[in-house]
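The structure appears right after this line, and notes come after that.
There are 2 protein chains.
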Amino acid sequence: MAGARALQKEKTRQAIIDAALMHLSAEHSFASMSLREVAREAGIAPTSFYRHFNDMEELGLTLVDESGLTLRELMRKARQRIEKNGSVINTSVETFMEFVERNPNIFRLLLRERSGTSVRFREAVAREINHFKDELTEYLMAESDYSQEYAFTLAEGLVTLVFNAGAEALDLNPIEREKLKERTILQLRFITFGAASTKEKA
Amino acid sequence: MAGARALQKEKTRQAIIDAALMHLSAEHSFASMSLREVAREAGIAPTSFYRHFNDMEELGLTLVDESGLTLRELMRKARQRIEKNGSVINTSVETFMEFVERNPNIFRLLLRERSGTSVRFREAVAREINHFKDELTEYLMAESDYSQEYAFTLAEGLVTLVFNAGAEALDLNPIEREKLKERTILQLRFITFGAASTKEKA
DNA sequence: CAATCCAGCGTACAACTGTACACTTAAGCT
DNA sequence: AGCTTAAGTGTACAGTTGTACGCTGGATTG
Numbered sequence: 004m005a006g007a008r009a010l011q012k013e014k015t016r017q018a019i020i021d022a023a024l025m026h027l028s029a030e031h032s033f034a035s036m037s038l039r040e041v042a043r044e045a046g047i048a049p050t051s052f053y054r055h056f057n058d059m060e061e062l063g064l065t066l067v068d069e070s071g072l073t074l075r076e077l078m079r080k081a082r083q084r085i086e087k088n089g090s091v092i093n094t095s096v097e098t099f100m101e102f103v104e105r106n107p108n109i110f111r112l113l114l115r116e117r118s119g120t121s122v123r124f125r126e127a128v129a130r131e132i133n134h135f136k137d138e139l140t141e142y143l144m145a146e147s148d149y150s151q152e153y154a155f156t157l158a159e160g161l162v163t164l165v166f167n168a169g170a171e172a173l174d175l176n177p178i179e180r181e182k183l184k185e186r187t188i189l190q191l192r193f194i195t196f197g198a199a200s201t202k203e204k205a
Numbered sequence: 004m005a006g007a008r009a010l011q012k013e014k015t016r017q018a019i020i021d022a023a024l025m026h027l028s029a030e031h032s033f034a035s036m037s038l039r040e041v042a043r044e045a046g047i048a049p050t051s052f053y054r055h056f057n058d059m060e061e062l063g064l065t066l067v068d069e070s071g072l073t074l075r076e077l078m079r080k081a082r083q084r085i086e087k088n089g090s091v092i093n094t095s096v097e098t099f100m101e102f103v104e105r106n107p108n109i110f111r112l113l114l115r116e117r118s119g120t121s122v123r124f125r126e127a128v129a130r131e132i133n134h135f136k137d138e139l140t141e142y143l144m145a146e147s148d149y150s151q152e153y154a155f156t157l158a159e160g161l162v163t164l165v166f167n168a169g170a171e172a173l174d175l176n177p178i179e180r181e182k183l184k185e186r187t188i189l190q191l192r193f194i195t196f197g198a199a200s201t202k203e204k205a
């Protein structure tokens, strides 16, 4: 039942996924990646690719999902840090920037496919980002007495600012990156404070 | 001196540019566009392309520049509207959303190449967006007594939120779009108000 | 044990790509 | 009028792409 065969299949499936992720970089996008390239890198015949995915698009969606998992982990980590540390804003920015630095290519994938040519890709990425917004909305509602809608609007603004800062950070050197981080933190303070002051609560 | 020849050359150059812009859509990106496709659409032989551009990249940069001009016009229009109308925030969002609705493909081009695989493309788009930030910074400094740095941070936040809302609007129906617009306006109020309250001035 | 299944392979093909090269032909210049 | 310049053409080629098809050999099943 262990399935020595199924095991091998899963192994090459992972090889394909890894090969695809490996080839992602600042100069090489998933969209400009050919089936044959992936197969070559994964060490299989081009036609063997079809035993695992119907399409490059199907592989791409898998990648986005895998990236989503990594992001979900990130969120959990951020929440733990906040519980211990206190500062929501600083911790969130720190955690996110750390993710971008450590997984630039995964982040690039999301960034690009968010505005890519495939509807399904765009939807998949939007779904992942919405997880962020929703979790943050919940958090904000627990902390203060904002209405659902109000909290969501604020959460959306916060996520947008952080996500965008991550995107911009990709092309910056460490010094500029640090400055960007500080500006972002300030922007988050502004919007948070503004929301708290405008005060249209539940 | 008029140059009947130079005139004709300029004409087919424009034909190439128009063909490229025409082919941009939700399903077709500039990156996935071939030299031959453009030539075909422009009604010239593939090899004639080289009489005008060395590269598809060179054509792409030209497109980004042209888009920049359209955006610059937009800014001028927005400023005029503000002078007459008053509300900075509402007018800005209205103007920008109008642009996205009217030139979705130009906006898509900028959006995609902002995180594309060509450094030069990314730089070109960043330059265009920086124009927005700088102009807004100047405006904010004139209106209030923020320091340059403080005003820039605020401007950056505002531009990020608006630009991102534009991106999101692309895939939405009119009703959702209206809701997004309202949320964005609220977010801009938050951040503006927050900046005014935190008050670290010149 | 024999029969079946199926992941992976190799070959093959038609479609498309960028671009080198030699050409035509009309405009521009002297 | 004659010579030159250069925009646009057509042919050609080597490289790459996705994928259809038939095969193989080891794992799985009965």
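Chains as they are written, first to last, in my numbering: chain Y, 4 to 205; chain V, 4 to 205.
Positions of the beta carbon are idealized from the N, C-alpha and C atoms, including for glycine.
Could you confirm whether any beta carbon from chain V is found closer than 9 angstroms to the beta carbon of residue i?
i, result
"Gln190/Y", "yes"
"Leu139/Y", "no"
"Arg8/Y", "no"
"Thr73/Y", "no"
"Arg130/Y", "no"
"Thr156/Y", "yes"
"Phe99/Y", "no"
"Arg180/Y", "no"
"Phe193/Y", "yes"
Taking the CB atoms as reference points, tell me whether residue i and residue j lie closer together than 9 angstroms.
i, j, result
"Ile194/V", "Gly169/Y", "no"
"Ile188/Y", "Val96/Y", "yes"
"His31/Y", "Thr120/V", "yes"
"Arg84/V", "Thr94/V", "yes"
"Ile92/Y", "Leu191/Y", "yes"
"Met59/V", "Ser28/V", "no"
"Ala45/Y", "Asp21/Y", "yes"
"Ser35/Y", "Ser118/V", "no"
"Leu112/V", "Phe52/V", "no"
"Lys184/V", "Phe155/V", "no"
"Tyr149/Y", "Ala198/Y", "yes"
"Phe196/Y", "Thr163/V", "no"
"Val67/V", "Ala127/V", "yes"
"Asp174/Y", "Arg123/V", "no"
"Thr65/Y", "Phe56/Y", "yes"
"Met100/Y", "Glu138/Y", "no"
"Arg130/Y", "Gly71/Y", "yes"
Mind pulling the chain V residues with CB within less than 7 angstroms of residue i?
i, result
"Glu30/Y", "Thr120"
"Leu208/Y", "Residue 208/Y falls outside the range modelled here, since chain Y spans only 4 to 205, and no answer is possible."
List the residues of chain Y whose Cβ lies closer than 7 angstroms to the Cβ of residue i, in chain order.
i, result
"Ser200/V", "Phe196, Ser200"
"Thr163/V", "Thr163, Leu164, Asn167"
If the cut is a Cβ gap below 8 angstroms, which residues of chain V does residue i touch?
i, result
"Glu159/Y", "Arg186, Gln190"
With a threshold of 9 angstroms between beta carbons, is residue i in contact with chain Y?
i, result
"Asp21/V", "no"
"Ser35/V", "yes"
"Met4/V", "A caution first: Met4/V carries a pLDDT of 48, below 50, which makes its placement in the model unreliable, though a value can still be read off. By this cut-off, Met4/V is not an interface position."
"Ala42/V", "no"
"Arg39/V", "no"
"Arg54/V", "no"
Pick helix, strand or coil for residue i, following the three-state DSSP scheme.
i, result
"Phe99/V", "helix"
"Asp58/Y", "coil"
"Asn88/Y", "helix"
"Gly197/Y", "helix"
"Gly63/V", "helix"
"Lys202/Y", "coil"
"Gly71/V", "helix"
"Ser51/Y", "helix"
"Asn108/Y", "helix"
Listing by chain order, which chain Y residues have their CB less than 8 angstroms from the CB of residue i?
i, result
"Arg125/V", "Asp174"
Check the Cβ of residue i against every Cβ in chain Y and list those closer than 9 angstroms, keeping chain order.
i, result
"Thr15/V", "Correct list: empty, because the minimum Cβ distance to chain Y is about 28 angstroms."
Q: Mind listing, in chain order, the continuous beta strand (DSSP E) runs of no fewer than 3 residues lying wholly within the segment 132-195 of chain Y?
A: none
Q: Run through the segment 5-48 of chain Y for me and flag every whole alpha helix (DSSP H) of 4 or more residues, listed as ranges in chain order.
A: 7-26, 38-45
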